[in-house]
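A.B. asks:
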Amino acid sequence: ATLDLYGDSLEALAARTRLPAYVTDLNAIPRLDRQQDAVETGSGSAIAVPLLYRNELIATLSYDLPQPHTFDNDEITFLTTAASHAAIAINNALVFQQRSQERAFLANLIEYLPAALLVIDVLTPSTTSRSDRSQRVEFRISSMNARAAAFLPVGMLERVVGRRQGIVGLRMRRIATDPESVRLVSL
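In the numbering used here, the protein residues as written are 25 to 211.
1. Taking C-alpha atoms, which residue in THR84, ASP32, ASP49, THR105 lies nearest to ALA39?
2. Would you say MET168 and LEU133 are within 8 Å of each other, going by their C-beta atoms?
3. At what residues does the alpha helix (DSSP H) containing LEU50 begin and finish?
4. Terminal residues of the continuous beta strand (DSSP E) containing ASP88?
5. In the DSSP assignment, what residue or residues form a beta bridge with TYR77?
6. For ALA139, which three-state DSSP category applies?
7. Assuming ARG171 and LEU147 form a contact by the criterion Cβ under 8 Å, report the distance between their Cβ atoms to the nearest whole angstrom.
8. Quick check on DSSP: helix, strand or coil for SER33?
9. Tell whether a beta-carbon distance below 8 Å holds between GLU35 and SER108.
10. Are the CB atoms of ILE114 and LEU76 within a distance shorter than 8 Å?
11. Within a Cβ cutoff of 6 Å, which residues of the same chain sit near GLU135, ignoring the five residues on either side of it in sequence?
12. Just how far apart, CA to CA, sit ILE212 and TYR30?
13. Report the option in LEU37, THR48, ILE53, VAL143 whose CA atom is closest to the CA atom of SER166.
14. Name, in chain order, the residues that DSSP records as bridge partners for ASP96.
15. Quick one: measure Cβ to Cβ for LEU103 and ILE71, integer angstroms, because I've assumed they're closer than 8 Å.
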């Protein structure tokens with residue numbers, strides 16, 4: 025549901041002010057949008073706190089009690105903290121969803137690209153574990169499409185049972201004088 029920021033609801037007030045808003049007796053407030061709901065459901069008091077992430081309003085969190093109640097500082101602090109954690113979790117979920125869609129789009133783009141695409145990460149000496157670092161070239165194939173298999177040295181494909189999915193992400197070590205590896209890494 026969309027929140028009407030200019031309405032007379034408790035949630036709209038919390039959203040507009042970016043502060044907790046509460047009513048100790050809903051039946052005593054005639055202009056509040058919830059007043060009719062309070063009569064029908066028996067709600068006596070309510071509090072609404074904004075869910076803010078980096079000062080951006082995501083939603084509001086509301087809590088109703090069936091009887092009139094004065095919210096103390098501990099209750100307000102607890103609900104504000106809960107709202108803050110909820111805002112972070114919602115934002116993280118939104119970011120994860122966006123990144124997943126971006127990854128799927130890029131994977132599709134790479135796979136159906138008419139040209140060969142092979143992405144190689146050359147690993148720095150600090151990420152290698154051999155003592156003969158100067159004689160070896162270490163790299164990782166981070167991504168490739170079907171057309172890129174033609175560019176890989178035959179022995180490399182045989183080592184990973186010929187499946188290109190099996191080769192992506194593996195660390196490869198080749199002697200620096202091996203012309204196929206030097207050509208592949210220096211492209």
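Heads up, the beta-carbon is just placed ideally off N, CA and C, and yes, glycines get one too.
C.D. replies: Reading from the atomic positions:
1. As a position in the sequence shown, residue 39 is number 15, starting the count at 1. When each option's Cα is compared against that of ALA39, the closest is THR84.
2. Residue 168 sits at position 144 when you count from the first residue of the sequence shown. Residue 133 sits at position 109 when you count from the first residue of the sequence shown. No, the pair does not count as a contact, with Cβ atoms beyond the cut-off.
3. Within the sequence shown, the letter at position 26 stands for residue 50. No alpha helix (DSSP H) holds LEU50; DSSP gives it neither H nor E.
4. As a first step, residue 88 is located in the sequence shown; it is residue number 64 there, counting from the start. Segment 80–89, the beta strand (DSSP E) holding ASP88.
5. As a working mapping, residue 77 is identified with position 53 in the sequence shown. As DSSP reads the structure, TYR77 sits in a beta bridge with GLU80.
6. The residue given as residue 139 occupies position 115 in the sequence shown. Residue state, collapsed to three classes: coil.
7. By 1-based counting over the sequence shown, the position of residue 171 is 147. By 1-based counting over the sequence shown, the position of residue 147 is 123. Incorrect: roughly 25 Å between the Cβ atoms, too far for contact.
8. Here residue 33 is taken as the residue at index 9 of the sequence shown, counted from 1. DSSP places SER33 in coil when its eight states are reduced to three.
9. Position 11 of the sequence shown, counted from the start, is the residue given in the question as residue 35. Position 84 of the sequence shown, counted from the start, is the residue given in the question as residue 108. Contact: no.
10. Here residue 76 refers to the residue found at position 52 of the sequence shown. Here residue 114 refers to the residue found at position 90 of the sequence shown. With contacts defined by Cβ atoms closer than 8 Å, LEU76 and ILE114 do not form a contacting pair.
11. What you label residue 135 is simply residue 111 of the sequence shown in a count that begins at 1. If we look at GLU135 and ignore the five residues flanking it on each side, its Cβ neighbours are ASN169.
12. Examination of residue 212 is not possible in this model, given that the chain is present from 25 through 211 alone.
13. Position 142 of the sequence shown, counted from the start, is the residue given in the question as residue 166. Cα-wise, what sits closest to SER166 is VAL143.
14. Along the sequence shown, one-based indexing puts residue 96 at 72. BP columns for ASP96 are empty, so no partner.
15. For the purposes of this step, residue 103 is taken as the residue at position 79 of the sequence shown. For the purposes of this step, residue 71 is taken as the residue at position 47 of the sequence shown. Right, the Cβ-Cβ distance comes to about 6 Å (below 8 Å), so this counts as a contact.
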